[in-house]
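Engineer:
Chains as they are written, first to last, in my numbering: chain X, 398 to 986; chain Y, 8 to 177.
1. In three-state DSSP terms, what is residue 465 of chain X?
2. Listing by chain order, which chain A residues have their CB less than 7 Å from the CB of residue 573 of chain X?
3. Based on the DSSP output, what are the partners of residue 636 of chain X in its beta bridges?
4. What is the DSSP secondary structure of residue 852 of chain X, counted as helix, strand or coil?
5. Kindly indicate the opening and closing residues of the beta strand (DSSP E) around residue 554 of chain X.
6. Can you find a CB in chain X that lies within less than 7 Å of the CB of residue 69 of chain Y?
7. Short of 8 Å in beta carbon distance, which residues of its chain neighbour residue 619 of chain X, apart from the five on each side in sequence? Order them along the chain.
8. Taking only runs of the alpha helix (DSSP H) that begin and end inside the stretch 11–51 of chain Y, which ones reach a length of at least 4 residues, in chain order?
9. The stretch 36–65 of chain Y: which residues have C-beta closer than 9 Å to a C-beta of chain X, in chain order?
10. Scan the stretch 62–99 of chain Y and note each continuous beta strand (DSSP E) run of 3 residues or more that stays entirely inside, going in chain order.
11. By the 10 Å Cβ neighbour count, where 16 or more other Cβ atoms means buried, how is residue 418 of chain X classified, buried or exposed?
12. DSSP three-state label for residue 866 of chain X, please.
13. Using a Cβ-Cβ distance under 7 Å, would residue 78 of chain Y count as near chain X?
14. For residue 32 of chain Y, which residues in chain X fall below 7 Å Cβ to Cβ?
15. Return the CA-CA distance between residue 134 of chain Y and residue 508 of chain X, expressed in angstroms with no decimal places.
16. Throw me the rounded Cβ distance for the residue 432 of chain X and residue 560 of chain X pair, which I believe falls under 8 Å.
17. Answer with yes or no whether the minimum CB distance from residue 28 of chain Y to chain X is below 7 Å.
18. Just curious, the beta strand (DSSP E) that residue 494 of chain X is in, first and last residue?
19. Counting pairs of beta carbons, one from the stretch 12–21 of chain Y and one from the stretch 729–739 of chain X, are three or more of them closer than 8 Å?
20. In the DSSP assignment, what residue or residues form a beta bridge with residue 133 of chain Y?
21. Starting from residue 544 of chain X, find everything on chain Y with Cβ-Cβ shorter than 7 Å and list it in chain order.
22. Have a look at the DSSP bridge pairing and note the partners of residue 126 of chain Y.
23. Counting C-beta neighbours from all protein chains within 10 Å, is the total for residue 464 of chain X 16 or more, i.e. buried, or is it exposed?
24. In chain X, which residues lie with their C-beta within 8 Å of the C-beta of residue 25 of chain Y?
25. Quick one: complete beta strand (DSSP E) runs, 3+ long, within the stretch 706–753 of chain X?
26. Taking DSSP as the reference, what is the three-state secondary structure of residue 931 of chain X?
27. Going by beta-carbon coordinates alone, are residue 503 of chain X and residue 534 of chain X separated by less than 7 Å?
28. Does the pairing of the stretch 776–793 of chain X with the stretch 928–936 of chain X give three or more beta-carbon distances under 8 Å?
29. Measure the CB-CB distance between residue 496 of chain X and residue 512 of chain X and report whether it falls below 7 Å.
30. Could you tell me which uninterrupted alpha helix (DSSP H) segments, each at least 4 residues in length, are contained entirely in the stretch 875–919 of chain X, listed from first to last along the chain?
31. Residue 946 of chain X: which of X/667, X/566, X/856 sits nearest, CA to CA?
32. Where do the ends of the alpha helix (DSSP H) carrying residue 946 of chain X lie?
33. Can you tell me which of X/539, X/542, X/440 puts its alpha carbon nearest to the alpha carbon of residue 492 of chain X?
34. Would you say residue 520 of chain X faces chain Y, with C-beta separation under 7 Å as the test?
35. Scan the stretch 631–646 of chain X for residues whose Cβ lies nearer than 9 Å to a Cβ of chain Y and list them as they occur along the chain.
36. Please confirm whether residue 725 of chain X has its beta-carbon closer than 7 Å to some beta-carbon of chain Y.
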C-alpha cells in the first residue's frame, strides 16, 4: 500500500474550504463532462479531502474517475465502517464526512451509519451507486430502493436521474448536510447518469425554496432569556451536542464564567466546558452525576442549549426540572417543546445566540445556590473502588491522565461508554466521538479511524467494550493498510455488560445470553498487522498505556477487567431524576 | 381538535412518500391527505386533515415544515377559511325511489352524474359535515360505492397569513 502523507492530502482542499465564498465562483467548467467527472470535480470544489467507501459494479465509472485522485480514498472492509469513519471524521473536524457505497447491499450496509449520524445531527454526504435508470423498479441485480430505505433516517436524500442535475444536487447535498441542524444526506446516482455526458454547462443554482434554516436569533427572545437568567436564583445550563456542532463553546464558556452559572452537559457535549471548572457538573441523566441531576431538579431556571430533552436525559418527563422556567435555544424549531414545555424558545444558531446573550448576562450573587451545588459535587463524586480485578473506570482514568485529558476518544455503546463519559476528564469540544442518540454498538473502531484521519497529529483512542469492538474490529485492517495510528482499548468484561447490568438489577440476575467470550484480541490484532498488548493486572496498566501511546501505528490494548462492575449513579428507565441509585457506591442522603 | 393544514411542496418525486412517511414514523394520525397541482407548475399543494391536541399539532406543523421540499405550511385553525370535500356516491335507486332521491340531491345542491337501471350516482361537494349528513340520509337506500377526494381548503380573501414555515418564535 502506498503511504500517503496526510499533510499533502489536506492542503489544497483546506484552502478552498476556508473560503466558502469561493465555492460556486466558477473556476471549474463542467461542460461535456461525464457524470463521474462532474461528481469528482464537485467533490473537489466542496473541499473534500477524504472519502471512505467500497467499490461495486455500478460505481465503476466513478472509481475509474477517482483513480489517482487528489482526494484520499480509504477502502474499508465493510460499508458500515465507511459511514462511521466519515462520521468520526465529521465529528472531530467539524467538516462534512463523505462515504461511498455501491447499490443494493452496499447501500443497505450504510443504513446503520446513516441512522447513527442522523440521530446525532452529524453532517455526512453518502453517495450510493444505483442500477441504471431504465432498470429502476425491475428488481435488477443489486437493486434496492435507497431513497425509500434512507428517507426516515437521513436529513434528506436525492435520486439523480439526469446528468444535468448532478452538479446542482451535489451542491445542495453538501449545503443541506452542513447547515441548519446538520445531518446526513444521501445522493443516489444510477450508473448511466455517471456515464452520460453533459451537452453544456449545467446549472449550479440551488433549488431549495423550502430550506431556509433560521440562523440568527430573535433579539427580543434573547433579551427575555437574559432577563430570566439574571432574575433566577438557581440557574443551570443544560448543554447538548448542538453547541459543539455550532462551534459555540467559546461563547458558552464566557457566559458560564461571567454569570457564574453551573453547567451540565449531555453525552454528546462532553468537553463543551472544561470539567475541571468548578461550575462544571459533568453529565446529567440516566448515568449522570448526583450534582447535575439534583441541580436540574432543584433549579428555578433551566437553560437548554442545543439539546433535545432525550429520554435518557430527562428520565420521567413529567417530573423533570419541576420548578424551572425553561429556556430552549435550538436551531431546529421542531426540537423546541417536543418533549418538555418551553417558556422562552430561542430559535437559531447557538454561536449567534450565545454571542448576543453574553453582553446581556449579569454577574449575580447566588452564593447559596453555588454552595449547594458545590456541596453535592463534593459529597457525591463519581468514584469506584480500585481493588481486586482491574476496574474499567481505572483504565479510563489512567488513559485520561496519560493523555493529559487531551486525546480524541471514540467509544462503542454500553457500560464502557458511560464510564468513559464519567471518568475520562473532558477538556475541550470535539473530543468525544460517540453514538448518543442511536446507541450504535460497533461505532468506536471505525469512528476512531475516521477521527485520526481528520486529526493526524492528535492522539485518537477508541475506548471500547468487548461486545462493540467485536462488531467492527475488522476495520483495524483498514487502519493498518492506510497507516492510521488510532489506538483501541478494549475493556473486556466477558459480558455484554450493560444488558447484564439491567438483568442483574431488574431481571433477577437471570443472565440471558450475555456471556461474551473474546478470543485473544492481541493475537487477532497482530494477525491484522497491528501492534498489541494485554493487561490483566493493575500493575501492568501504566506500562501498557505508555507502550500504546508510544506506538506510531494502530495498537490494540486488550484489558481484562472486573466482569461484574456496574455503572452508577443510575436512574432506572422511566423513573424521575430524583430517584437516582448509587448501587455499591452507597446511598443518597 | 380537528386541524386543516395546507402545505405547499416542491413538485418532485418522493415528496408524498416523504410527508406520509414522516406522519407514520412520528405516530401522527391523519384523516385525509390530498395532493394536487397549483397555479405554479413547480409547486403542489397538500391539504392534510389531522386530529390531535395543540401540542401534537404544533409538532405536526414543525415536522412538516422541516421536510426539505415543503416550502410553506399553514394551519387553518383559528382562521377564516373555506374547505371542500368532493364525493361520488352510487346509491341503490330503483325507478320508484328516484324522485325522492333527486329531491334530496337538489336539497344538498349535488348533481346526479349517472343513472342506471338500479343505481344512481351522485356528485356532491361541501364540508365534511355536509357530506356525512348526506351519507346518513341515503344509507337506507343502500350505498353501492362511495369515493371521496378528501378535504382541500383555502383561506378567505384579504387576510394576513400566519404560521408560515420558519415562523417559529411563537
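Glycine is no exception: its CB is placed at the ideal position from the N, C-alpha and C atoms.
Structural biologist: On the basis of the coordinates in this document:
1. Note: residue 465 of chain X maps to coil in three-state DSSP.
2. Structure shown: chain A not included; protein chains present are X and Y.
3. Paired residues: X/662, X/702.
4. It is coil, neither helix nor strand.
5. Run containing residue 554 of chain X: 553–556, per the beta strand (DSSP E) assignment.
6. Interface residue, yes.
7. In chain order, 743, 750, 753, 754, 757 place their CB closer than 8 Å to the CB of residue 619 of chain X, counting only its own chain and leaving out the 5 sequence neighbours on each side.
8. Those alpha helix (DSSP H) runs which fall completely within the stretch 11–51 of chain Y and span 4+ residues are 22–32.
9. Taking 9 Å as the Cβ-Cβ cut-off against chain X, the residues of the stretch 36–65 of chain Y that qualify are 49, 50, 62, 65.
10. Correct list: 77–82, 88–99.
11. Unreliable placement is indicated for residue 418 of chain X, whose pLDDT of 43 sits below 50; the coordinate value is still reported in the next sentence. Counting Cβ neighbours within 10 Å, residue 418 of chain X comes out exposed, since fewer than 16 surround it.
12. In the structure shown, residue 866 of chain X sits in a helix (DSSP, three-state: H, G or I).
13. Chain X contact via Cβ: present.
14. Within chain X, the residues near residue 32 of chain Y are 549.
15. So the two alpha carbons sit approximately 44 Å from each other.
16. About 4 Å separates the two Cβ atoms, so the contact holds.
17. The beta carbon of residue 28 of chain Y falls within 7 Å of a beta carbon belonging to chain X, placing the residue at that interface.
18. Its beta strand (DSSP E) spans residues 494–498.
19. Touching, no.
20. Y/92, per the DSSP bridge assignment.
21. Simply 21.
22. Looking at the DSSP assignment, residue 126 of chain Y forms a beta bridge with Y/99.
23. So residue 464 of chain X ends up on the exposed side.
24. Chain order gives the chain X residues near residue 25 of chain Y as 548, where near means a beta carbon separation below 8 Å.
25. Runs found: 722–727, 741–744.
26. DSSP places residue 931 of chain X in strand when its eight states are reduced to three.
27. No; because the gap between Cβ atoms is not below 7 Å, this pair is not in contact.
28. For the pair of segments examined, the stretch 776–793 of chain X was found to touch the stretch 928–936 of chain X: the number of CB pairs separated by less than 8 Å reaches three.
29. No Cβ-Cβ contact shorter than 7 Å links residue 496 of chain X with residue 512 of chain X.
30. DSSP runs (the alpha helix (DSSP H)) wholly in the stretch 875–919 of chain X: 894–903.
31. The shortest C-alpha separation from residue 946 of chain X is found at X/856.
32. 938–947 is the span of the alpha helix (DSSP H), which, as asked, contains residue 946 of chain X.
33. Restricting attention to X/539, X/542, X/440, the CA atom closest to the CA of residue 492 of chain X is found in X/440.
34. No, its Cβ sits nowhere closer than 7 Å to a Cβ of chain Y.
35. Taking 9 Å as the Cβ-Cβ cut-off against chain Y, none of the residues of the stretch 631–646 of chain X qualify.
36. Residue 725 of chain X does not count as touching chain Y.
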